[in-house]
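>
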Amino acid sequence: MEVRVANVRKEFERFPALHDVSLDIKSGELIALLGPSGSGKTTLLRLIAGLERPTKGTIFFGDEDASQKSIQERNVGFVFQHYALFRHMTVADNIGFGLKVRHGAARPPTQEIRRRASELLDLVQLSGLEKRYPAQLSGGQRQRVALARAIVTKPRVLLLDEPLGALDKALRVDMQIELKRIQREIGITTIFVTHDQEEALTMSDRIGILRDGRLVQEGPPEEIYDRPQSEFAATFLGDANIFRGAATGTGIRLP
Numbered sequence: 015m016e017v018r019v020a021n022v023r024k025e026f027e028r029f030p031a032l033h034d035v036s037l038d039i040k041s042g043e044l045i046a047l048l049g050p051s052g053s054g055k056t057t058l059l060r061l062i063a064g065l066e067r068p069t070k071g072t073i074f075f076g077d078e079d080a081s082q083k084s085i086q087e088r089n090v091g092f093v094f095q096h097y098a099l100f101r102h103m104t105v106a107d108n109i110g111f112g113l114k115v116r117h118g119a120a121r122p123p124t125q126e127i128r129r130r131a132s133e134l135l136d137l138v139q140l141s142g143l144e145k146r147y148p149a150q151l152s153g154g155q156r157q158r159v160a161l162a163r164a165i166v167t168k169p170r171v172l173l174l175d176e177p178l179g180a181l182d183k184a185l186r187v188d189m190q191i192e193l194k195r196i197q198r199e200i201g202i203t204t205i206f207v208t209h210d211q212e213e214a215l216t217m218s219d220r221i222g223i224l225r226d227g228r229l230v231q232e233g234p235p236e237e238i239y240d241r242p243q244s245e246f247a248a249t250f251l252g253d254a255n256i257f258r259g260a261a262t263g264t265g266i267r268l269p
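Quick note on this note's numbering: the sequence shown kicks off at 15 and runs consecutively.
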């Protein structure tokens, strides 16, 4: 599913959180929204999800204007930073929850829900843990359950809000590889928010860097790293040597 953000502006009580942001996301692509706190990256994710409505501009899912549609109508999966698993439910019940709460003909038979949950347990490599409760799982295992729950309904787009932020460094590195594997295997368009530069460089096909509600640069990780278009992009994405000078027409004059 292609997602297109066209000249989107978002204001909260006249405070501009996003300034006319435009971004095209290809079908099956994994894109990172990267930026410091207050840059607007989470606001943009919530707008794509349908948790907020744009003050101005349009959000397309394919050729469809989804700007005023709810999160259910957009059919997106969402993984929050702290997972929001149901503590009183087993792993299998947590994963199948999105199917169980559907109404009428949209709700699959119980046997189909169990089959789908088992299928996703295999995908996230948690087979055999279906009867455990969240408190009996490690942080990485809980993260995988949250991911499986988000994709059980076969959403058109997967959205991840700081998905690895609650994990320690070593586990975070392992889960970066695992998330990328799962995303590639199911081929779902995925948008994730992070302030971790290494995470964005490791996982994403493309990166969108935001600052003060503006998209300052977007492109493949290696392109942004090698050819930053601003001092902010150069210093935010990694260590950089900054030389100040003046263009002379044939070169640069350093002080």
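All C-beta atoms in this analysis are idealised placements derived from N, C-alpha and C, irrespective of residue type, glycine included.
Grab me the residues of G49's own chain with a C-beta within less than 8 Å of its C-beta, minus the 5 sequence neighbours each way, in chain order.
Here residue 49 refers to the residue found at position 35 when the sequence shown is read from its first residue. Same-chain partners within the cutoff: K55, H209, I223, L224, R225, F250.
> If you drop the 5 nearest sequence neighbours on each side, which residues of the same chain put their C-beta closer than 7 Å to that of I200?
Working through the sequence shown from its first residue, we reach residue 200 at position 186. Answer for I200: I165, listed in chain order.
> To the nearest angstrom, how far is it from the Cα of P148 to the Cα of V171?
Within the sequence shown, numbered from 1, the residue matching residue 148 stands at position 134. Within the sequence shown, numbered from 1, the residue matching residue 171 stands at position 157. Rounded to the nearest angstrom, the two C-alpha atoms are 25 Å apart.
> Three-state secondary structure (DSSP) at S84?
One-based indexing of the sequence shown puts residue 84 at position 70. Note: S84 maps to coil in three-state DSSP.
> If you measure between the beta carbons of L47 and V207, is that distance less than 8 Å?
The count along the sequence shown starts at 1 and reaches residue 47 at position 33. The count along the sequence shown starts at 1 and reaches residue 207 at position 193. Closer than 8 Å, so yes.
> So the candidates are G227, R228, I205; which of them puts its Cα closest to the Cα of S218?
Stepping through the sequence shown from its first residue, residue 218 is reached at position 204. The candidate whose alpha carbon is nearest that of S218 is I205.
> My understanding is that R220 touches P242, with C-beta atoms under 8 Å, so please give their C-beta distance in whole angstroms.
Taking the first residue of the sequence shown as position 1, residue 220 is located at position 206. Taking the first residue of the sequence shown as position 1, residue 242 is located at position 228. With a Cβ gap of about 15 Å, R220 and P242 do not count as contacting.
> So, for A31: in the same chain, excluding its five sequence neighbours on each side, which residues have a beta-carbon less than 8 Å away from its beta-carbon?
Translated into positions along the sequence shown, residue 31 becomes position 17. Within the same chain, A31 has close Cβ partners K24, E25, G54, T57, G227.
> Can you tell which of V22, R18, R28, Y239 has the C-alpha that lies nearest to the C-alpha of E43?
Here residue 43 corresponds to residue number 29 of the sequence shown, with the count starting at 1. The candidate whose alpha carbon is nearest that of E43 is R18.
> Taking the straight line between their C-alpha atoms, what separation do you get for F92 and S132?
Translated into the one-based positions of the sequence shown, residue 92 becomes position 78. Translated into the one-based positions of the sequence shown, residue 132 becomes position 118. Taking the straight line joining both Cα atoms gives about 20 Å.
> Near A254, what residues of its chain come up, given a Cβ to Cβ distance below 7 Å and the 5 sequence neighbours on each side ignored?
Counting from 1 along the sequence shown, the entry for residue 254 is found at position 240. Once the five neighbours on either side are set aside, the close Cβ partners of A254 are A248.
> Just to confirm, does D136 get its C-beta within under 7 Å of one of the non-hydrogen atoms of the ligand GDP?
This structure simply doesn't include the ligand GDP, nor any ligand for that matter.
> What residue range is occupied by the uninterrupted beta strand (DSSP E) comprising A46?
Locating residue 46 in the sequence shown gives position 32, counting from the first residue. 44-48 is the extent of the beta strand (DSSP E) around A46.
> Using three-state DSSP, classify T208 as helix, strand or coil.
Taking the sequence shown and counting its residues from 1, one reaches residue 208 at position 194. Note: T208 maps to strand in three-state DSSP.
> Out of curiosity, what's the CA-to-CA distance linking T167 and H33?
Counted from its first residue, the sequence shown places residue 167 at position 153. Counted from its first residue, the sequence shown places residue 33 at position 19. Distance between the alpha carbons of T167 and H33: 33 Å.
> From I73 to Q86, what distance separates their C-alpha atoms?
Taking the first residue of the sequence shown as position 1, residue 73 is located at position 59. Taking the first residue of the sequence shown as position 1, residue 86 is located at position 72. Taking the straight line from one Cα to the other gives about 15 Å.
> Does the stretch 117-124 come into contact with the stretch 144-162, if we say contact requires no fewer than three beta-carbon pairs (one atom in each stretch) closer than 8 Å?
Short answer: they don't touch.
> Reducing DSSP to helix, strand and coil, say where D182 ends up.
For the purposes of this step, residue 182 is identified with residue 168 of the sequence shown, where counting begins at 1. Reduced to three states, the DSSP call for D182 is coil.
> Which two residues bound the contiguous alpha helix (DSSP H) that contains I27?
Working through the sequence shown from its first residue, we reach residue 27 at position 13. Reading the sequence as shown, one finds Glu at residue 27 and not Ile. Counting along the chain, E27 falls outside any alpha helix (DSSP H), and DSSP gives it neither H nor E.
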